[in-house]
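Visitor: Handing you this structure, nothing more for now.
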Amino acid sequence: MKCTRCRATAAVALPSHNAGFCPDCFQVFFSRQVQKAIKEKDLFQPEDKILIALSGGKDSLSLARELKLLGYDTAGLYIDLAIPDSSVKAGEHVGRFCRELGINLHVLDLQKEGLPIPEVQKKLRRPVCSVCGQIKRYYFNRFALDNGYSVLATGHNLDDEVARLFSNVMRWDTAYLGDQGPALPAQEGFVRKVKPLYRLSEFETANYSFLAGIDYCYAPCPYSRGASFTFYKSLLDELEHQQPGRKINFYEGFLNRARRAFARQEDLEGLKPEPCPVCGYPTTGEVCGVCRLREIMGAKG
Ligand code: AMP
Ligand code: FES
Ligand code: ZN
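Residue numbers (my numbering): 36 to 336.
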């Protein structure tokens, strides 16, 4: 197979785009997909200060490299979950990566916040993943707002987004369907949130990070029973294999034609967030989930 751009020997075949690319042109392709997402979905502007949530995995590091190369004003945030071994390793990968690329890195330590994930797990005695996700989202938002960032970017890719959409559709979870997309606008107490890799599949980010020589962290979280939405992802991979392009068409179709039907469902249901009386960040409960958890954990301050 020849490269669609330069006719050299192709290294990466992309049936969904009816194309194949040599290593250099693949990186151009990747960059163009990111730029297309930013432009078409109005994700952010050149003057924005972008905080990128860096887990140490291939997606978030690829995103950080690409936004840096495109000249955006970026910094990284690594949340240290205090999980023995895996958090130390991930932190080292993020640290090395940011030093090499000259990206300013912030580290937020959940041990210091009184919420080390292994302790939370012991206390709750139920799967910790959804609580961990809630804690991370809380600190992404809070850290960005407290430190003057106008945008928070995560490394969610097309496979993550399509699996989530599929799962929301399977449950007809209308509130989540109204919220899902590559950009969540800023609101009182909430920073703008974006997912600039939403057009790129896991296969594509894996190839990009390999070809760009990114030294990312493989260590899976010891608490996750496999990656999230594993079963849906495998179903959707089979569909994509049979019908290349299905994933991106399904997702773009939702964004362009279906999402508005679910918009502002939460407001309609009267779930308008109010400031948490403890931390001041928005919540639809009496006290926010993270402050409640900190109380259960006996955290001080
Ligand atoms: P995941 O939910 O693990 O698939 O992660 C989705 C995105 O959340 C990643 O691409 C990162 O942008 C961000 N993320 C996950 N874990 C962390 C972490 N410990 N610190 C900072 N960002 C994270
Ligand atoms: Fe949070 Fe695994 S429990 S990353
Ligand atoms: Zn709170």
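Glycine included, C-beta positions come from ideal geometry on N, C-alpha and C.
Counting C-beta neighbours from all protein chains within 10 Å, is the total for A296 16 or more, i.e. buried, or is it exposed?
Guide: As a first step, residue 296 is located in the sequence shown; it is residue number 261 there, counting from the start. The residue is exposed, with fewer than 16 neighbouring Cβ atoms inside 10 Å.
Visitor: Rounded to the nearest angstrom, what separates C326 and H128 at their Cα positions?
Guide: For the purposes of this step, residue 326 is taken as residue 291 along the sequence shown, with counting starting at 1. For the purposes of this step, residue 128 is taken as residue 93 along the sequence shown, with counting starting at 1. Roughly 30 Å between the two C-alpha positions.
Visitor: Considering Cα atoms alone, identify which of E237, C311 and P217 is closest to I73.
Guide: Counted from its first residue, the sequence shown places residue 73 at position 38. The shortest Cα separation from I73 among E237, C311 and P217 belongs to P217.
Visitor: What does the alpha-carbon distance come out to for the pair D108 and V204?
Guide: One-based indexing of the sequence shown puts residue 108 at position 73. One-based indexing of the sequence shown puts residue 204 at position 169. Whole-angstrom Cα-Cα distance: 36 Å.
Visitor: Looking only at its chain, what residues have a beta carbon closer than 7 Å to the beta carbon of Y251, apart from the 5 residues adjacent to it on each side?
Guide: By one-based count along the sequence shown, residue 251 stands at place 216. Excluding positions up to five away in sequence, the list reads G91, G92, K93, L96, H128 and S244.
Visitor: Which word fits V63, buried or exposed, when buried means at least 16 other C-beta atoms lie within 10 angstroms of its C-beta?
Guide: Along the sequence shown, one-based indexing puts residue 63 at 28. V63 comes out exposed.
Visitor: Going straight from the alpha carbon of R172 to that of A43, what length do you get?
Guide: As a first step, residue 172 must be located in the sequence shown, where it is residue number 137. As a first step, residue 43 must be located in the sequence shown, where it is residue number 8. Answer to the nearest angstrom: the Cα atoms are 43 Å apart.
Visitor: Alpha carbon to alpha carbon, what distance is there between A198 and L86?
Guide: On the sequence shown, residue 86 is found 51 positions in, with the first residue counted as 1. On the sequence shown, residue 198 is found 163 positions in, with the first residue counted as 1. Cα-Cα distance, rounded: 25 Å.
Visitor: Hey, quick one: how far does the beta strand (DSSP E) through V109 stretch, first residue to last?
Guide: As a position in the sequence shown, residue 109 is number 74, starting the count at 1. One detail in the question is off: residue 109 reads as Thr in this sequence, not Val. Counting along the chain, the beta strand (DSSP E) containing T109 begins and ends at D108 to D115.
Visitor: Is D144 helix, strand or coil when you go by DSSP?
Guide: Counted from its first residue, the sequence shown places residue 144 at position 109. Three-state result, D144: strand.
Visitor: Would the beta-carbon of Y174 be found less than 7 Å away from any heavy atom of the ligand ZN?
Guide: Counting from 1 along the sequence shown, the entry for residue 174 is found at position 139. Checking the Cβ of Y174 against the ligand ZN gives no.
Visitor: Using 8 Å as the cut-off, can you tell me whether the region 171-185 makes contact with the region 224-232, which would need three or more C-beta pairs spanning the two stretches below that distance?
Guide: Yes, the region 171-185 is in contact with the region 224-232.
Visitor: Heavy atom of the ligand ZN less than 7 Å from the Cβ of C38, yes or no?
Guide: As a position in the sequence shown, residue 38 is number 3, starting the count at 1. Outside the cutoff, so no.
Visitor: Looking at C-alpha atoms only, which residue of F285, R329, A247 and Q215 is the closest neighbour of C60?
Guide: In the sequence shown, counting from the first residue as 1, residue 60 sits at position 25. Of F285, R329, A247 and Q215, the residue nearest in Cα terms is A247.
Visitor: Given E237, which residues of its chain have a CB within under 6 Å of its CB, disregarding the five upstream and five downstream residues?
Guide: Along the sequence shown, read from residue 1 onward, the residue named residue 237 stands at position 202. Same-chain partners within the cutoff: N192 and D194.
Visitor: Quick one: grab the DSSP three-state call for F201.
Guide: On the sequence shown, residue 201 is found 166 positions in, with the first residue counted as 1. Correct three-state label for F201: helix.
Visitor: Taking all protein chains shown into account, decide if C41 is buried (16 or more other Cβ within 10 angstroms of its Cβ) or exposed.
Guide: The residue labelled residue 41 in the question sits at position 6 within the sequence shown. The residue is exposed, with fewer than 16 neighbouring Cβ atoms inside 10 Å.
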